[in-house]
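Participant: Please find one structure pasted underneath; my questions will follow.
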Amino acid sequence: MNNSDGQFMHYLVRRLFPICRSLTGDGVRKTLAILGEYLPDLKVKEVPSGTQAFDWTVPNEWNIRDGYLIDPAGKKVIDFKNNNLHIVSYSESIDRTIGLKDLQSHLYSLPDMPDAIPYITSYYNQSWGFCLTQKQRDSLADGEYRAVIDSSLKPGSLTYADLIIHGECDREVLISTYVCHPSMANNELSGPVVSTMLAMYLSKQKNLRYTYRFVFVPETIGSIVYIQKNLNYLKEHVIAGFNVSCVGDDRSYSYLPSRLGNTLSDRVATHVLKHIDPNYRTHGFLERGSDERQYCSVGVDLPIASIMRSKYGTYPEYHTSKDDLDLVTPMGLEGGLNALRSCVSAIEVNRRYRCTQYCEPQMGKRGLYSELGTRSISHAIRMRMDILCYCDGNHSLLDIAELIGCSIGEVYPFANELEDYSLIERLD
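Have a look at this one:
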């Protein structure tokens, strides 16, 4: 990890920020095309409108070209080109004159955040609307307004993408993130950007133990479609995974468990976060709100947990124009990437070992009283002996790390050393 990682990710967030994304449409395609510049093996796929996916139906495709509101004096008081949050997502196309009283039912603002534009959607109900700050709304003069939304809503397709990075076996780790929100930096762009950086990192690693599946989908309907198309394969092959969202600010770390709460993903997430930030926040599964709802649903039951910085719905800027390029920082993005990369590393090295000697081995004749990049010689000796103590074939390296109170990242080099000296052997 280095400063350039965070700077690059923040650059990519800035590049993607102006794009107007929604459940479907050209904004999603443009976003995936940019990510594909860095992930050349990313496979973009289209699912036709009307396709059935369990209890859901892929909606018509929505695209928007322009939208504005002109006041009685002829001034453009709302302009989509200034901020794409100004238009309710999936608004139908309109061009009409309307009085302020009737217009009010199509306006959305936040009285408790008078300077923020809210993010509002109308995916499955035909409607239209404008979003604005409360200050803007309070300043609207009585009279006739011209409301224009130049959009299309017609049969097309839903767009998603996936990327497979093959390892030594076909057991998989699933990384899923979403690409369906307009200009919001933490809630939307931090997830796909950090996931892209993680995929770039893994694609350069040699001898990966597991296969990694990266999924970029529109939230909810996208993950449902993906599960419907791949359910049996995912249930058979996925051993762990993470839903990646809100990983770009630098205020905190957060964890939301899988529905069952006892998967490898849960164990790895809590272990890693405990060593990164002992004050990380734990949220119960009943506080779910992203695609973990689908991956962990009854009958699907994939082992998917969520690692975040500030959890969606808990920070004041959430789903507003205040979720901007100042809220997401290079340091925050680096922290999100570091947490996920540490989880992946933990999964990769989490093996079971068995001692090859009865009683304690004679360490001196092997030169194993020397320091191994740790706090002191005595600590190194203690680490070796404690690891040996639990290499009984039943405890994984993650188990051992928890038992001796160290991070798995600290334990693994010692286990690797003991294996090199044939004092322990791998069982899996």
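Just add 587 to wherever you are in the sequence shown, counting from 1, and you've got the working numbering.
C-beta atoms are modelled at their ideal positions from N, C-alpha and C, and glycine is treated no differently.
1) Locate the alpha helix (DSSP H) running through Tyr625, then write down its first and last residues.
2) With a threshold of 8 Å on Cβ separation, who are the neighbours of Thr916 within its own chain once the five nearest residues in sequence on each side are excluded?
3) Mind checking whether Leu687 and Tyr747 have CB atoms under 8 Å apart?
4) Please state whether DSSP places Glu997 in a helix, a strand or coil.
5) Return the CA-CA distance between Cys833 and Thr684, expressed in angstroms with no decimal places.
6) Tell whether a beta-carbon distance below 8 Å holds between Leu1010 and Cys942.
7) So what does DSSP say about Leu719, is it helix, strand or coil?
8) Using only CA atoms, which one of Tyr706, Cys607, Asp699, Gln713 lies nearest to Pro646?
9) For a test of the three-state rule: what should DSSP assign to Arg875, helix, strand or coil?
10) The beta strand (DSSP E) with Ile665 in it runs from where to where?
11) Under a three-way DSSP split, which group does Asn866 fall into?
12) Please report the residue range of the alpha helix (DSSP H) in which Asn819 lies.
13) With DSSP as the reference, please indicate the residues paired to Ile681 in a beta bridge.
14) With a Cβ-Cβ cutoff of 8 Å, do Phe803 and Leu920 count as a contact?
15) For Leu926, which residues in the same chain have their Cβ closer than 7 Å to its Cβ, ignoring the five residues on either side in sequence?
16) Take Leu975 and list the residues in its own chain whose beta-carbon comes closer than 8 Å to its own, dropping the five residues that flank it on each side.
17) Which residue comes first and which comes last in the beta strand (DSSP E) that contains Leu1026?
18) With a 10 Å radius around its C-beta and 16 neighbouring C-beta atoms as the bar for buried, classify Gln723 as buried or exposed.
19) Just mark Thr644 as buried or exposed, buried being the case when its beta carbon has 16 or more other beta carbons within 10 Å.
20) Just verifying my parser: in three-state terms, what is the DSSP assignment at Ile968?
21) Asn670 by DSSP, collapsed to three states: which one?
22) Should Ser877 and Asn937 be called a contact, given that it needs their Cβ atoms to be closer than 8 Å?
23) Check Ser929 in the structure and name its three-state DSSP category.
24) Apply the 10 Å Cβ neighbour rule to Ile751 and answer buried if 16 or more other Cβ atoms are within range, or exposed otherwise.
25) Have a look at Glu997, Met970, Ser676 and flag the residue whose alpha-carbon is nearest the alpha-carbon of Tyr711.
26) Counting along the chain, where does the beta strand (DSSP E) carrying Gly654 start and finish?
27) Helix, strand or coil for Val544? Go by DSSP, reduced to three states.
28) Between the alpha carbons of Met588 and Asp910, how many angstroms are there, rounded?
29) The beta strand (DSSP E) that contains Ser983, what's its start and end?
30) Would Arg1013 be called buried (16 or more neighbouring beta carbons within 10 Å of its own) or exposed?
31) Short check: CB of Arg971 to CB of Phe1001, under 8 Å?
32) On a Cα-Cα basis, can you pick out the residue from Phe641, Asp689, Ile736 that is closest to Asp729?
33) Per DSSP, Arg800 is paired with what?
34) Can you name the start and end residues of the alpha helix (DSSP H) that Ala772 belongs to?
35) So what does DSSP say about Arg938, is it helix, strand or coil?
36) Check whether the region 878-893 and the region 798-815 touch, using three or more Cβ-Cβ pairs below 8 Å as the test.
Facilitator: Well, looking at it:
1) Start at 1 with the first residue of the sequence shown, and residue 625 comes out as number 38. If you look at Tyr625, you'll find it in the alpha helix (DSSP H) that goes 613-625.
2) As a first step, residue 916 must be located in the sequence shown, where it is residue number 329. Around Thr916: Gly593, His597, Gly835, Asp836, Asp837.
3) Here residue 687 corresponds to residue number 100 of the sequence shown, with the count starting at 1. Here residue 747 corresponds to residue number 160 of the sequence shown, with the count starting at 1. The answer is no: Cβ separation not under 8 Å.
4) Counted from its first residue, the sequence shown places residue 997 at position 410. Note: Glu997 maps to helix in three-state DSSP.
5) The sequence position of residue 833 within the sequence shown is 246, counting from 1. The sequence position of residue 684 within the sequence shown is 97, counting from 1. Across the structure, Cys833 and Thr684 are spaced so that their CA atoms are roughly 40 Å apart.
6) Taking the sequence shown and counting its residues from 1, one reaches residue 1010 at position 423. Taking the sequence shown and counting its residues from 1, one reaches residue 942 at position 355. Yes.
7) Start at 1 with the first residue of the sequence shown, and residue 719 comes out as number 132. In this structure, Leu719 counts as coil in the three-state DSSP scheme.
8) Indexing the sequence shown from 1 puts residue 646 at position 59. Cα-wise, what sits closest to Pro646 is Gln713.
9) Walking along the sequence shown from the start, residue 875 turns up at place 288. Coil, per DSSP.
10) Position 78 of the sequence shown, counting from 1, holds the residue named residue 665. 663-666 is the extent of the beta strand (DSSP E) around Ile665.
11) Translated into positions along the sequence shown, residue 866 becomes position 279. If DSSP states are grouped into helix, strand and coil, Asn866 belongs with coil.
12) Here residue 819 refers to the residue found at position 232 of the sequence shown. Unbroken alpha helix (DSSP H) run through Asn819: 808-824.
13) If you number the sequence shown from 1, residue 681 lands on position 94. For Ile681, which the question treats as bridged, DSSP gives the partners Ile736.
14) Stepping through the sequence shown from its first residue, residue 803 is reached at position 216. Stepping through the sequence shown from its first residue, residue 920 is reached at position 333. Going by C-beta atoms, Phe803 is not nearer than 8 Å to Leu920.
15) To locate residue 926, count along the sequence shown from 1; it is residue 339. Note that residue 926 is Ala in the sequence shown here, rather than Leu. Closer than 7 Å at the Cβ level, and outside the excluded window around Ala926, lie Tyr840, Val859, Leu860, Ile863, Ile894.
16) Looking up residue 975 in the sequence shown gives position 388. Cβ within range, chain order: Cys942, Glu947, Pro948, Leu1005, Leu1010, Ile1011.
17) Because residue 1026 is not part of the residues shown, which for the chain are 588 to 1015, the question remains open.
18) On the sequence shown, position 136 is the one that residue 723 refers to. Buried.
19) Position 57 of the sequence shown, counted from the first residue, corresponds to residue 644. Exposed, by the Cβ-count rule.
20) Taking the first residue of the sequence shown as position 1, residue 968 is located at position 381. Here Ile968 sits in helix by DSSP.
21) As a position in the sequence shown, residue 670 is number 83, starting the count at 1. Here Asn670 sits in coil by DSSP.
22) Locating residue 877 in the sequence shown gives position 290, counting from the first residue. Locating residue 937 in the sequence shown gives position 350, counting from the first residue. No, they are not a contact pair.
23) Numbered from 1 along the sequence shown, position 342 holds the residue referred to as residue 929. Three-state DSSP puts Ser929 in a helix.
24) Within the sequence shown, numbered from 1, the residue matching residue 751 stands at position 164. With fewer than 16 Cβ atoms within 10 Å of its Cβ, Ile751 is classed as exposed.
25) Taking the sequence shown and counting its residues from 1, one reaches residue 711 at position 124. Out of Glu997, Met970, Ser676, Ser676 has the C-alpha closest to the C-alpha of Tyr711.
26) For the purposes of this step, residue 654 is identified with residue 67 of the sequence shown, where counting begins at 1. Taken as a continuous stretch (DSSP letters only), the beta strand (DSSP E) holding Gly654 covers 648-657.
27) The structure shown has nothing for residue 544, since the chain only spans 588 to 1015.
28) For the purposes of this step, residue 588 is taken as the residue at position 1 of the sequence shown. For the purposes of this step, residue 910 is taken as the residue at position 323 of the sequence shown. For Met588, the predicted structure reports a pLDDT of 43, less than 50, and the residue's modelled location is therefore unreliable. The matter cannot be settled from this model.
29) To locate residue 983, count along the sequence shown from 1; it is residue 396. Run containing Ser983: 979-983, per the beta strand (DSSP E) assignment.
30) For the purposes of this step, residue 1013 is identified with residue 426 of the sequence shown, where counting begins at 1. The residue in question, Arg1013, is exposed, as its Cβ has fewer than 16 Cβ neighbours within 10 Å.
31) The count along the sequence shown starts at 1 and reaches residue 971 at position 384. The count along the sequence shown starts at 1 and reaches residue 1001 at position 414. In this structure, Phe1001 lies closer than 8 Å to Arg971 by Cβ.
32) Translated into the one-based positions of the sequence shown, residue 729 becomes position 142. Looking at the Cα atoms, Asp689 is the closest of the given residues.
33) Residue mapping note: residue 800 aligns to position 213 of the sequence shown, counting from 1. DSSP output for Arg800 lists Ile751, Leu761 as bridge partner(s).
34) Here residue 772 refers to the residue found at position 185 of the sequence shown. Premise fails: Ala772 is in no alpha helix (DSSP H) and is neither H nor E.
35) Locating residue 938 in the sequence shown gives position 351, where the first residue counts as 1. In this structure, Arg938 counts as coil in the three-state DSSP scheme.
36) Three or more Cβ pairs closer than 8 Å define a contact, and the region 878-893 meets that threshold against the region 798-815.
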